[in-house]
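As given, the protein sequences belong to chains A and B, one line each in that order.
According to this note's numbering, the first sequence holds residues 1 to 89 in order.
According to this note's numbering, the second sequence holds residues 1 to 374 in order.
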Amino acid sequence: MINTETTLRFSPMYRLQWEEAQQKFVILYPEGMVELNQSSAEILKLCDGSRALPAIVAELEQKFATSGLTNDVTNFLNVALQNGWIQHD
Amino acid sequence: MAGSNTINITSPRWLLAELSYKCPLQCPYCSNPLDYAKYPNELSTDDWKRVLSQARKMGAVQLGFSGGEPLTRQDLPELVGYARELGYYSNLITSGYGLTEEKIIELKQAGLDHIQVSIQASSQELNDHLAGTTTYQHKQEVARLVKKHGYPMVLCVVIHRQNIHQMSEILAMAESLGADYLELANTQYYGWAHINRDALLPTREQFAEAEKIAQAFKEKVAGKMKIYYVVPDYYEDRPKACMNGWATTFLTIAPDGTALPCHSARELPGLDCPNVNDFSIEQIWNESKAFNFFRGTDWMQEPCRSCDEKHKDFGGCRCQAFLFNGDAASTDPVCSKSPERHRIDAAINSARELALSADEKPLVFRNSKNSKQF
């Protein structure tokens, strides 16, 4: 489960990359690929080892001039953690 | 070129670069063509770079360096570096033979993303027998080094009747080596595996038992190790969605530059597979006869043509249809709706009889001497 204290980082076992041909971000791993929608990609890009969950939410709410994203972001990050795409530092 | 004008052509996502047919191993289930010795030519470094660039431009992103043994190419680090610059995710599919720690570091620095090491069995004796070389200890060492240098470690074990009884030990080995992914690839019967089928195809009972063990293990290691289980299609009643559909996703380039819609397609007559020395990847993918041959559904015969599952399995595998029925456009005989399903059942029974008898059939090992007979 995601905690709110420690910073999150994209796993070195995966690669997050923009694909020009597909016009979307994808996650690449051995023999596989996950295509991401825009909001998922925006969340994962912020998992760079410098922010914990509250800072990621704050950054997204500021960027998209909105509020109340905590639940959605937490849910998605839990999925990402379960899949091994991200890890806590 | 049935229906080529009406079909929406998707772009390739997967490029399998078979760098060389040379291989120090002699696995009797090798997926290379039986007559590979007829094709000793290899593309140059510059040819491969051109292929990588052109395919990447079309949208290919997953790249497999395969063979034969790709490490026999001295320019591998250069090609890996080039692929990284282009933005490929590079997979090295290797026997581990000749892979030193120095090379593992060099490839990592060049930008290689992961290494898939194949191990033939969980015991030295059987591994070395199947590989036709003394490689077991070295493979174990390579697996540890791959892990040590921060690659995701994928262990690949091809499963067949000679090793299926070791399933529990194979799983324990994967766990102790710290594999991040384990590919349990039930043998697909093409090429060398096809001529050795009577000696390789497990019985239905053996499959069921092995699958049960693998399934329990999968639950035990969930979250730690991912397991890819390649199904044994002879024991299914619907065919596999081979290649995700002909020329929709996968592009294989053979060592001599022949472009193939699947790595076995060289066995199919009349395709005239184009060569990257004569055409660009874009021309090959979009315009060639070979890549348009089984695109879409217009080429299908009954029972596929009127089947409501044709968009799910694309009629199965063209190579299997050819091997069993002599007609690559027929329904994959694995399908229970195929009038030729009895041919698969006969193959199962033939292997079963040999399995239950005291007789042994010698394996035909994959090497140049044997290849020259085909």
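Backbone N, C-alpha and C define an ideal beta-carbon position, used for all residues, glycine too.
Check                                                                                                                                             : Outcome
If you run the structure through DSSP and keep just helix, strand and coil, what is B:Ser280?                                                     : coil
Who are B:Ser20's beta bridge partners in DSSP?                                                                                                   : B:Gly67
For chain B, find out if any of its Cβ atoms is closer than 8 Å to the Cβ of A:Glu35; answer yes or no.                                           : no
Assuming the contact rule is C-beta atoms closer than 8 Å, B:Tyr190 and B:Ser264 should be a hit. Round their C-beta distance to whole Å, please. : 4 Å
Return the residue from the list B:Arg13, B:Arg50, B:Gln301, B:Tyr235 that minimises the CA-CA distance to B:Glu343.                              : A small correction: the amino acid at residue 343 of chain B is Arg; Glu does not occupy that position in the sequence shown. The option with the nearest alpha carbon to B:Arg343 is B:Tyr235.
Strictly below 7 Å CB to CB, what residues from chain A border B:Asp128?                                                                          : Those do not exist, as B:Asp128 stays about 26 Å from chain A at its closest Cβ, beyond 7 Å.
What's the call for B:Glu353, buried or exposed, on a 16-neighbour Cβ count within 10 Å?                                                          : exposed
Of the residues B:Pro12, B:Glu125, B:Ser66, which one's Cα is nearest the Cα of B:Lys22?                                                          : B:Ser66
Tell me B:Phe291's beta-bridge partners as DSSP assigns them.                                                                                     : According to DSSP, which records beta bridges pairwise, B:Phe291 is partnered with nothing at all.
Are the region 281-293 of chain B and the region 301-308 of chain B touching by the rule of at least three beta carbon pairs closer than 8 Å?     : no
When you compare the CB positions of B:Ala55 and B:Leu201, do they come within less than 8 Å of one another, or not?                              : no
Taking the straight line between their C-alpha atoms, what separation do you get for A:Gln22 and B:Gln166?                                        : 43 Å
Which bits of chain B does A:Gln17 rub up against, with CB to CB less than 7 Å?                                                                   : Gly87
With DSSP collapsed to three states, give me the class of B:Ala222.                                                                               : coil
Starting from B:Gly316 and walking both ways along the beta strand (DSSP E), at which residues does that stretch end?                             : Here B:Gly316 belongs to no beta strand (DSSP E), and DSSP marks it neither H nor E.
Who pairs with B:Cys156 in a beta bridge, going by DSSP?                                                                                          : B:Ser118, B:Glu183
Does the Cβ of B:Ile105 have 16 or more other Cβ atoms within 10 Å, making it buried, or fewer, making it exposed?                                : exposed
For B:Ala259, does the three-state DSSP call read helix, strand or coil?                                                                          : strand
Go to A:Leu28, then tell me how far its beta strand (DSSP E) extends in each direction, as first and last residue.                                : 24-29
Looking at B:Thr45: is its Cβ nearer than 8 Å to the Cβ of B:Asp75?                                                                               : yes
Taking only the alpha-carbon atoms, compute the straight-line gap between A:Arg9 and A:Pro30 and give it to the nearest angstrom.                 : 19 Å
What first and last residue would you give for the beta strand (DSSP E) that runs through A:Met33?                                                : 32-35
Based on the DSSP output, what are the partners of B:Leu251 in its beta bridges?                                                                  : B:Leu15
Between the C-alpha atoms of B:Asn5 and B:Ile284, what's the straight-line distance to the nearest angstrom?                                      : Because the pLDDT of B:Asn5 is 49, which lies under 50, any placement of that residue in the model is unreliable, and the number read from its coordinates should be weighed accordingly. So the alpha carbons of these two residues sit roughly 15 Å apart.
Buried or exposed for A:Gln82, going by 16 or more other Cβ atoms inside 10 Å?                                                                    : exposed
Could you give the residue range of the beta strand (DSSP E) that holds B:Asn370?                                                                 : Not the beta strand (DSSP E): B:Asn370 falls in the alpha helix (DSSP H), residues 368-371.
Quick check on the burial criterion: 16 or more other C-beta atoms within 10 angstroms. Buried or exposed for A:Gln62?                            : exposed
Check the C-beta distance from B:Leu155 over to B:Ala172 and give it rounded, since I have them as a contact under 8 Å.                           : Contact doesn't hold; Cβ gap of about 12 Å is too wide.
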